[in-house]
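Written out below as structure tokens is the structure these notes cover.
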Amino acid sequence: MKAVSDLPQGYIERERIDFKHNRKLFWILNSAAVLLLPCFGVSFLLIAVSLNPHLASSGSFESRGWSIVIGIVLLVLSCIVCMIVHELIHSLCFWLFTGSRPHFGFKWLYAYASAPNWYIPRGPFLFVGLAPFVCLTLLGIALLPFVSAGISLLLCCLLTAHTMGCVGDFYVVIRLLMASSGLLIRDYGDGMAFYAHA
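The opening residue of the sequence shown carries number 420 in the numbering used here; numbering runs sequentially from there.
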């Protein structure tokens, strides 16, 4: 089944995920991200050390003075760029499956990509949901063996922050995996609606 711009006959809305107005879901996802922070951080540090073993004994992770400030500024700027690239990947995936230009925008602390005029099957939407995490994580890990210890630490922090930011995507993917294969999804930016045959 392909993405369609008109809801097929016999399909009705079954449920809706609303990230903007569902405050309970908002707090659950953010709490989950914070609780998983140590797991994500340690995992990426272990990967970094395994790909570049001298990092563990070099002692070059130690930073003082302005280098800490510069590191924090670089991390914040990198997170902003990463957020934009994340949504651009979503946008590219929407375009690949719909052939139509997706909506892309900013709201306060986050960017979003959506395809509000399209009904996308579960399989392609799973691809849309996971693509940014997979692409950016693989890129970051691929860079780890070739950069300095300081940049490795920055990359680990960035990968951790990005993975925390993907918690919403993970939630949607889990919900879709538990749903029927004939599901259609309409992503309208602040949330999405699931449609199934009546």
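Beta carbons are placed, not taken as given, at the ideal position from N, Cα and C, and that holds for glycine.
In this text, all values refer to a predicted model and were calculated from it rather than measured experimentally.
Quick check: the segment 550–570 against the segment 449–459, are at least 3 beta-carbon pairs closer than 8 Å?
no
If you draw a straight line from the C-alpha of F525 to the C-alpha of L602, how long is it?
Against the sequence shown, residue 525 aligns to sequence position 106. Against the sequence shown, residue 602 aligns to sequence position 183. Going from the Cα of F525 to the Cα of L602 covers about 28 Å.
With DSSP collapsed to three states, give me the class of R426.
As a working note, residue 426 is residue 7 in the sequence shown. Rather than Arg, the amino acid found at residue 426 in this sequence is Leu. Three-state result, L426: coil.
Have a look at P521, V592, A532, F463 and flag the residue whose alpha-carbon is nearest the alpha-carbon of L549.
Counting from one through the sequence shown, the residue named residue 549 turns up at place 130. L549 has its Cα closest to that of V592, out of P521, V592, A532, F463.
Can you check whether the C-beta of V492 is within less than 8 Å of a C-beta belonging to chain B?
Reference to chain B is not applicable here, since this structure consists of a single protein chain.
In this structure, what does DSSP give as the bridge partners for M597?
In the sequence shown, the residue the question calls residue 597 occupies position 178. According to DSSP, which records beta bridges pairwise, M597 is partnered with nothing at all.
Integer-rounded CB distance, given that I539 should sit under 8 Å from I417:
Lying before the first or after the last residue shown, residue 417 is absent from the chain, which here runs from 420 to 617.
Would you grab the beta carbon distance between Y590 and L448 for me? Rounded to a whole angstrom, and I think it's under 8 Å.
Counting from 1 along the sequence shown, the entry for residue 590 is found at position 171. Counting from 1 along the sequence shown, the entry for residue 448 is found at position 29. Right, their Cβ atoms sit about 6 Å apart.
In its own chain, which residues sit with a C-beta less than 6 Å from the C-beta of E434, not counting the 5 before and 5 after it?
Position 15 of the sequence shown, counting from 1, holds the residue named residue 434. Closer than 6 Å at the Cβ level, and outside the excluded window around E434, lie F613.
Distance between S519 and L574 (C-alpha atoms, nearest Å):
The count along the sequence shown starts at 1 and reaches residue 574 at position 155. The count along the sequence shown starts at 1 and reaches residue 519 at position 100. In a straight line, the C-alpha of L574 is about 34 Å away from that of S519.
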